[in-house]
Structures are given as C-alpha cells and as structure tokens.
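A.B. asks: Every letter in the sequence shown is one number past the one before it in our numbering, and letter 508, counting from 1, is 535.
Note that CB positions come from ideal geometry on N, CA and C, so glycine has one too.
Here's a structure for you.
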Amino acid sequence: MDDHSPRDDAEIPAERTYETPPTERPITDAEAARAAALSANEHIKIASGYLRGTLADGLLKHATGAISEDDGQLVKFHGMYLQDDRDIRAERTRKKLDKAYSFMIRLRIAGGVVTPKQWLILDDIARTYAGNALRATTRQTFQYHGVIKSNLKRTMAAIDAALLDTIAACGDVNRNVMAATNPAQAGAHREALKLAKDISDSLLPKTSAWREIWLDGERVVGGEDAAEIEPVYGRTYLPRKFKTVVAVPPSNEVDIFAHDLGFIAILDEKNKLTGWNVTVGGGMGMTHGETDTFPRTADVMCFVEPADALKAAEAVMTVQRDWGNRKNRKNARLKYTIERYGLKAFRAEVEKRVGKPLADPKPFTFTGNGDRYGWVEGEDGRHHLTLYVPSGRIKDVEGGPQFLSGFRRIAEVHEGDFRLTGNQNVIIANVPAAKKAEIDALVAEYGLTNGAGALRRNALACVALPTCGLALAESERYLPDLVSELEESLASHGLADEDITIRSTGCPNGCARPFISEIGLVGRGPERYHLYLGAAFDGSRLSKLYREDVQASEIRGILDPLFADYAKNRQPGEHFGDFVIRAGHVAKTTNGPDFHDRTGALKPAA
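As structure tokens, then:
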C-alpha cells in the first residue's frame, strides 16, 4: 500500500445513511443499566465493585477447580480465562467427575520486550506451575496454560516479582499494546515501544482489585465508592475488548488493520519520526451464520503530532466507551460503532475530545506482515537474531528443538533483551558483535532454528483444542501437518520459496487473524473448516469465503490446482492473494459489510 488508504482500488460504496451519535455517556449506575436492557456482562461489571466480585472468596472454595460464572467474566479483566481439558471432558463426565479445570494466564507486556532476568523468572513459573511451557501469543505477550486454582496466587506473586502483571490482558478494556519490533530501525523501534508503553500505562484500569486479590494487598477504605477510582473507564469499563498496536513501515508485522486502534509511524528521509497516522475500526471476530457480524479492516482516520498521540488514543477509546453497543456484545466492538455512525462523525468527536482539528493522513507503504529471520544489524550497530517458534509454543520437544531449555541458557548469558513478535516468534535483541558466536553456539546446541520454509514461516495458529472453550476444530495441533502437505504441493509447482501467508483458528473469533491471511482456515466443526482466500499479503485487505465446511483431508486437493494456476499465470511480483482475485477464482472483499457478499468459488479450478 502506498498512500493513506488501504483500499484505494476498492469499489466506491453507495452513499450511506448513518445513525445520529449519542450526545452524552449513557451509563451511570445500575438503575440506568436495567432500564436500558443491557447485556448481562454490563450488570456483572456494575455489581463487581470495580472487578472484585466474589473472586477472593471463590479462591478459598477447594471443592472445585472452577469459580462462579460471574467471576469467570470478571477474572478476564485480571488476565485469565477459566478453561478445562476437552480431550478428557467426556471421560470425566462418564465417571461423574468435575471437569479438569485450569486457568490460562496472559501477561501484559507492552511491545513484547522483557529482560533476560525476567525471562528466567517466567521460565521458572512455566516449570513450576504451567506444564513446562510458555506460549508466545499473536498479541506479542506470553500465556501460561494449565495453572490450577490452588496455584493461581503463587503464580501471580511470581509474575509480580518479575515486575510484570496480567491486569487488562483480557476483558472489556484496552488490552496488551503491540509495537513494531523491526531491529533494523532502532530509533523508530524506540519511539514505537515508548508509545506502546505510554498508552498501556495511561489506559490501564486504576482499580486496586488486582493487588488486593492476588497479592493480598490492603483494600483502600471506601475506595470502591469513590467516583474517581476509574476516571477513564467508569463502573462499566468498555462495551467490549479494545486492541491497540503501533506499526513502523515498511513492516506491518503487528497487523495494524486488524485492530481497534493503531498508530503508523511517519518517518522523514532520515528515518526520524514526524508523527503518527491513526487507524480505527479494525477487528477480526464474527459469528458463523450471522451476517451482521463480520471482520473489518481499519480506516486510516488522521495524522497526529507526537505530542498528541496519547491524547488521541484516549479520545478514540472514550468515544468507543460512550458510543459502543452495550446491549448486544456481538456488535459491541469499535468496528461496528464506526459502521453505525460513520467515520466522519467519529473523527469529529475524537477531535472535540483532543481539543483541536487533526490533520489528514500522510502517505506510507507496507510491504508485508512477516518477521525477518536470522541476524540483522540495527542502525546503532547492535545485532538481533529472530528465531522461528512454531505456534509460539516454547517447550522442549522430544526428539526436536529444546526451546524452553535453549532460551533459558541464552537468557543466562544474554546482555540485551528479548522481543516477542506478533507472529509468535522470539528476537534475541541488542547483542554485541562479540557475543554473536556464543549465541549461535547455544542455538545450535539446543536445536533452535532461525527460519523455516516459506509457507511455514508465514503461518499462524491459535491454541484451540484442547483448552479453548470456544474452539470448534483443531488449529495449533493441526496446522503443522497441513503446512507439510501444502509445502509438497507448492514444491511440485516450483513455488517452494514463495511467501504466502496461511493462518488457522479453531473458531470465527479470529485470534490468529485468519481473515487477513492469503489462505485462512476457520474451524466449523471436528475436522471441518471454512476456507478463505484473497487477502492482501501486507494485511490491508480481507479475504473471501472460497469453500465452506471443507474436510481437513480435502484442503490440499482444493488448493493444488490454484497453486498450479498461480505458478503458470502469475505476473512478476504478484502475491497469491492478489492473483486469485485477478484470475477470477474469488471475489474481492472491499471491507467488513462486503465480507459475506459474493462468496464461493467464481469458477472451477483447473
């Protein structure tokens, strides 16, 4: 993309009539909530005492590994999800046993940067409480899986000892803020990381509930009744989750068009920051069979000076706080707010809250959304090694790479920092030239890798089964085998080295951002997937449903003739997602509302 709109070549939509925006914040207390017939989650938040609920008491109930249903919603704001092992759920039900409950814990690490000392503590936690595994997520942070209720407070205390936390990693708040990691642009990365941290800290919930419940902190007397306890969020927080990212062109590794709010660094000819383009209204999730839900790519709304970036972030989030749909959670994300009221009205309200008119977006170019594997030297002479981690699963693989042990040994000698990427990989960053050989030796000793085949290095998968309660099909456990099959197919057509993005999720919530990958698989049922094609390689255009309810065993056969056509008839430099549209295999999606139109194969594959 080479200017301020990700869809310049899209069809011009017909003139639309938008709803009139609300004039004031609608939610003030429980009576107003009841009168407005809001969703159940809104009542839970209002009654929670600023995210406390009955969590403290629930932790003391040892007869079950679960917590109450309402607390199950509140605990998300603390960075956790209650889950169970679905592989053994049926067997335990037959034996009249409780489900095998445990918790997924997600950390808040703005920009995905941790020190070697922090890495060692996180490694200790994984070995002690989380089944000897860390997981680097598509949101540039870590998750632990399998933490049982009796170990929650110990785990949280250990995370606190690493000077990290989990608050607002999930829930109806601004979640972990992602930032560009491009090691070749050291100055721009510092600016992106600083903005990510500033936004994360500024938009963090102010309630002391997290420290009270998990670290036995003292409760502030009367604090739960003080109106200023959440000066930005108020009692009801946001209508739905809110995701923010910071990108530095030419890399779109954070998938900026897939998120509620984004900042694109605008650099001068000397790579110095001049300001930020602001994007709004992206989001991946939808519900199968409900066409009023859809993924959407963000609009590039305006340009802000560096001094106004934080104000703009808060303004965008608070407009969504006040305008978002609190009656129907399926239509509560910012993308639906903008579809409802229009970008023009939304921008005008943001400008009102910032206190000044904002400039129009500046030109920029993205070339892709993948990582740069291997060693890269930055502008400052420091060296950075990006290592490929399949699905971000940092564990020791029997007969394979020893990721957990290898990264631990590297952390013991490393003098720089570690950076997680939005593609679930790990960068060993800021390595002096004299230390490169030592790092390389450890990488070789533990079987780590700085790359993979072209398709595999552009693959993402969510966790899905057995722990995610929403998963309809496999994802992380299935995608590696499918990639192996497709690699054979691509090689047979001379495409082994062709970069093509492929992503898989177990359900349509889209955690691995499948709707902006050139090949997207979305779980529909056991071993069944919807197959999507036609997204842009740089993440700026959505895909289109090509085949629905495809059996896993059929996917290679469906894609092989498309690969053959691509190999024979592509134009120089043409990406696969662009080709399948130009060649007439699948319709082009212009944006969210168009996502469900003109679906299916437009012509038989050769």
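1) Are the CB atoms of Gln347 and Phe269 nearer to each other than 8 Å?
2) Between Asn485 and the rest of its own chain, which residues show a CB-CB distance below 7 Å, the 5 nearest in sequence each way excluded?
3) Is Ala215 closer than 8 Å to Ala137 when the C-beta atoms are compared?
4) Using only alpha-carbon positions, find the residue among Gly85, Asp587, Asn450 and Phe603 that is nearest to Ala518.
5) Bridge partners for Thr392 per DSSP, in chain order?
6) With respect to the beta strand (DSSP E) encompassing Lys571, which residues constitute its N-terminal and C-terminal limits?
7) For the beta strand (DSSP E) containing Phe130, list its first residue and its last residue.
8) Touch check for the stretch 161–175 and the stretch 366–380: three-plus C-beta pairs under 8 Å?
9) On the DSSP bridge assignment, give the partners of Ser531 in chain order.
10) Quick one, are the C-beta atoms of Ala635 and Asp592 less than 8 Å apart?
11) Specify the secondary structure class of Thr364 as computed by DSSP and reduced to three states.
12) Between Thr531 and Tyr171, what straight-line distance do the alpha-carbon atoms span, to the nearest angstrom?
13) To the nearest whole angstrom, what separates the beta carbons of Ile546 and Leu560, a pair I think is in contact under 8 Å?
14) Note down the Cα distance separating Lys462 from Tyr400, rounded to an integer number of angstroms.
15) Can you check which of these residues, Asn159, Ala359, Ala223 and Ile240, is closest to Leu101 by C-alpha distance?
16) Could you check which residue in Arg583, Ala160 and Thr448 has the C-alpha nearest to that of Thr168?
17) Per DSSP, what kind of secondary structure is Met183 in: helix, strand or coil?
18) If contacts are defined as beta-carbon pairs under 8 Å, then Tyr260 and Val200 qualify, I think. What distance do you get, rounded to the angstrom?
19) From the DSSP secondary-structure annotation, give me the bridge partner or partners of Leu560.
20) Output yes or no for whether 8 Å exceeds the beta carbon distance between Asp111 and Lys123.
21) Ordered along the chain, which non-local residues of its own chain (more than five positions away) have a Cβ less than 7 Å from that of Asp335?
22) Touch check for the stretch 63–80 and the stretch 146–160: three-plus C-beta pairs under 8 Å?
23) Starting from the N-terminal side, write out each stretch of the beta strand (DSSP E) that is 3 residues or longer and does not extend beyond the stretch 270–347.
24) Nearest-angstrom Cα distance between Ala37 and Leu569?
25) Please state whether the Cβ-Cβ distance between Trp237 and His105 is less than 8 Å.
26) Do the stretch 322–335 and the stretch 411–422 make contact, defined as three or more Cβ pairs closer than 8 Å?
27) Evaluate contact between the stretch 192–199 and the stretch 462–477, counting only Cβ atoms and requiring at least three cross-stretch pairs below 8 Å.
28) Taking the continuous beta strand (DSSP E) assigned at Leu19, which residues delimit it?
29) Between the C-alpha atoms of Arg79 and Glu439, what's the straight-line distance to the nearest angstrom?
30) What are the partner residues of Asn201, as DSSP defines its beta bridges?
31) Can you tell me where the alpha helix (DSSP H) holding Arg609 begins and where it ends?
32) Which same chain residues end up closer than 6 Å to Leu65 when comparing Cβ atoms and leaving out the 5 residues on each side of it in sequence?
33) Keeping to the same chain, check which residues put their C-beta closer than 6 Å to that of Leu220; ignore five residues upstream and five downstream.
34) DSSP has Arg555 in a bridge; who is on the other side?
35) Using only alpha-carbon positions, find the residue among Thr120, Asp524, Leu288 and Leu509 that is nearest to Gln578.
36) Which residue from Gly395, Gly426, Glu51 and Ile365 puts its Cα closest to that of Gly600?
C.D. replies: Well, looking at it:
1) The Cβ-Cβ distance between Gln347 and Phe269 falls below 8 Å.
2) Gly397, Asp526, Ile527, Thr528 and Ile529
3) no
4) It is Asp587.
5) DSSP lists no partner for Thr392.
6) Lys571 to Gln578
7) Tyr128 to Arg133
8) Using a C-beta cut-off of 8 Å, the stretch 161–175 makes no contact with the stretch 366–380, since fewer than three inter-stretch Cβ pairs fall below that distance.
9) DSSP output for Ser531 lists Ala488 and Leu548 as bridge partner(s).
10) Examination of residue 635 is not possible in this model, given that the chain is present from 28 through 633 alone.
11) helix
12) The residue you asked about is not Thr; residue 531 is Ser in the sequence shown. Whole-angstrom Cα-Cα distance: 20 Å.
13) 6 Å
14) Roughly 18 Å separates the two Cα atoms.
15) Ile240
16) For the options Arg583, Ala160 and Thr448, the alpha carbon positioned closest to that of Thr168 is the one of Thr448.
17) helix
18) 7 Å
19) Ile546 and Lys571
20) no
21) Val381
22) no
23) 271–274, 288–294, 300–307 and 326–331
24) Only weak support exists for where Ala37 lies, its pLDDT of 45 falling under 50; the value from the coordinates is given anyway. Distance between the alpha carbons of Ala37 and Leu569: 12 Å.
25) yes
26) no
27) No, because fewer than three Cβ pairs between the stretch 192–199 and the stretch 462–477 fall closer than 8 Å, the two stretches do not touch.
28) Lying outside 28 to 633, the shown extent of the chain, residue 19 is not represented and no answer is given.
29) 38 Å
30) Phe269
31) Phe603 to Arg609
32) Arg353 and Lys354
33) Gly138 and Ala206
34) Partner(s): Gly552 and Gln578.
35) When only C-alpha atoms are compared, the closest one is Leu509.
36) Gly395
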